[in-house]
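In my numbering, the protein residues as written are 33 to 185. Working notes for the structure below.
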């Protein structure tokens, strides 16, 4: 099982660099390191997944009032298929409950069937499609907008 840790001011710079490297490896137009780092401070928070003291995945969440947005979630290609994405998403949803978030929103590439399946398993519902939202190597791709609702009072 991975060690899941919320990023804070004591998180080593090396861990930030490892997480940003993963972000760069999965995005066609990745954020700069400065933008990535800024997305780990309030009103955002980040969660890093560690295996053997190495960052192998991360999630970045924006919280505004009682609504959260999963801004980015990724697992290093060499660590996929081990349940790390599910562990990160479960952790984010548990944090959302603890922090009294009513909803968690996300956008996902229409072609990312593995992620869409995971989101549905975790209780996310399809809301809408954003046409030509994501850049690709050859053009643009639609995004599915999905929402999770905190059913607990």
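Using N, Cα and C, we set each Cβ at its ideal position, and we do this for glycine too. Keep in mind that this is a model prediction, so the values were computed, not measured.
Suppose the cutoff is 7 Å on Cβ atoms and the five residues either side in sequence are ignored; what does the same chain contact list for residue i look like?
i           : result
residue 167 : 60 and 61
residue 106 : 54, 55, 58, 89 and 90
residue 69  : 48
residue 96  : 75
For residue i, list the residues DSSP reports as bridge partners.
i           : result
residue 122 : Its beta-bridge partners do not exist; DSSP assigns none.
residue 181 : 135
residue 167 : 172
residue 104 : 92
residue 161 : 176
residue 38  : 79
residue 141 : 175
Is residue j closer than 7 Å to residue i when the C-beta atoms are compared?
i           : j           : result
residue 156 : residue 178 : yes
residue 176 : residue 158 : yes
residue 118 : residue 182 : no
residue 87  : residue 50  : yes
Looking only at its own chain, which residues have a Cβ that is under 6 Å from the Cβ of residue i, when we skip the five neighbours before and after it?
i           : result
residue 147 : 140
residue 154 : 121
If we count the other Cβ atoms within 10 Å of its Cβ and call it buried at 16 or more, is residue i buried or exposed?
i           : result
residue 104 : buried
residue 138 : buried
residue 66  : exposed
residue 42  : exposed
residue 72  : buried
residue 160 : exposed
residue 125 : buried
residue 116 : buried
residue 150 : buried
Is residue i near the ligand MG, in the sense that its beta carbon is under 6 Å from a heavy atom of that ligand?
i           : result
residue 162 : By its list of ligands, the structure shown contains no ligand whatsoever, and the ligand MG lies outside what it can speak to.
Excluding the 5 residues preceding and the 5 following residue i in the sequence, name in chain order all residues of the same chain whose CB lies nearer than 8 Å to its CB.
i           : result
residue 169 : 60
residue 131 : 95 and 100
residue 85  : none
(message) Quick test of the definition: if touching needs 3 or more C-beta pairs under 8 Å, does the region 88-100 touch the region 141-152?
(response) No, they do not touch.
(request) Evaluate the contact criterion for the region 71-81 versus the region 34-42: three or more CB pairs, one atom per stretch, below 8 Å. (result) Under the 8 Å Cβ criterion, the region 71-81 counts as touching the region 34-42, having at least three qualifying pairs.
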